[in-house]
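What follows is one structure encoded as structure tokens, with my remarks underneath.
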Amino acid sequence: MRGRLGSKLIDGLDKQVDAVRSVLVAGGFADVPVGRALCFVDADFPWFTRIMRVGDTCVVNPRGLLDLVTRPGPLVSDDQWYAVSCQLGERLRSMD
Numbered sequence: 001m002r003g004r005l006g007s008k009l010i011d012g013l014d015k016q017v018d019a020v021r022s023v024l025v026a027g028g029f030a031d032v033p034v035g036r037a038l039c040f041v042d043a044d045f046p047w048f049t050r051i052m053r054v055g056d057t058c059v060v061n062p063r064g065l066l067d068l069v070t071r072p073g074p075l076v077s078d079d080q081w082y083a084v085s086c087q088l089g090e091r092l093r094s095m096d
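Just so it is clear: in the sequence shown, position 22 is 22 by UniProt numbering, and no numbers are missing.
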């Protein structure tokens, strides 16, 4: 973004994070953390930097996003992961 990080993009995540948290709480998954990330495909990141933080938002390139989503977390079994993904898939509409 030409050296500037769009605060409107970061602020716009609030609504999306709130929606995900609401679905998780309603589905009995209140203990599952919800992270904030913006991924820029063609951005010029500093060399060897995959993840930058702006407040509580991770700003990443595609490799950094892969690092974030493959970190160990509270969903320790495939059944837990599947239940959460189904809950989110059923309750949240696609942005397509």
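No residue lacks a Cβ here, since even glycine has one placed at the ideal position from N, Cα and C.
Do residue i and residue j have their CB atoms nearer than 8 Å?
{"i": "leucine 38", "j": "threonine 57", "result": "yes"}
{"i": "arginine 71", "j": "valine 60", "result": "no"}
{"i": "valine 69", "j": "leucine 75", "result": "no"}
Below 8 Å on the Cβ atoms is my guess for residue i versus residue j; work out the distance and round it to an integer in Å.
{"i": "arginine 91", "j": "valine 23", "result": "4 Å"}
{"i": "leucine 9", "j": "arginine 36", "result": "The Cβ separation is near 11 Å, so there is no contact."}
{"i": "valine 34", "j": "arginine 53", "result": "Actually they are not in contact, since the Cβ atoms of valine 34 and arginine 53 sit about 16 Å apart, beyond 8 Å."}
Closest to residue i by C-alpha separation, out of the options, would be which residue?
{"i": "residue 179", "options": "Arg63, Lys15, Leu9, Val17", "result": "Outside the displayed range of the chain (1 to 96) lies residue 179, so it cannot be described from this structure."}
{"i": "leucine 65", "options": "Asp11, Phe40, Ala30, Phe29", "result": "Phe40"}
{"i": "glutamine 80", "options": "Phe29, Asp44, Val25", "result": "Phe29"}
{"i": "serine 7", "options": "Gly55, Ala19, Trp47, Arg93", "result": "Gly55"}
{"i": "cysteine 86", "options": "Asp44, Phe48, Pro46, Gly27", "result": "Gly27"}
Can we count residue i as close to the ligand GTP, meaning its CB is less than 7 Å from some heavy atom?
{"i": "proline 72", "result": "The ligand GTP is not among the ligands present in this structure, which contains no ligands whatsoever."}
Across which residues does DSSP place residue i in a beta bridge pair?
{"i": "isoleucine 51", "result": "Val60"}
{"i": "cysteine 39", "result": "Val60"}
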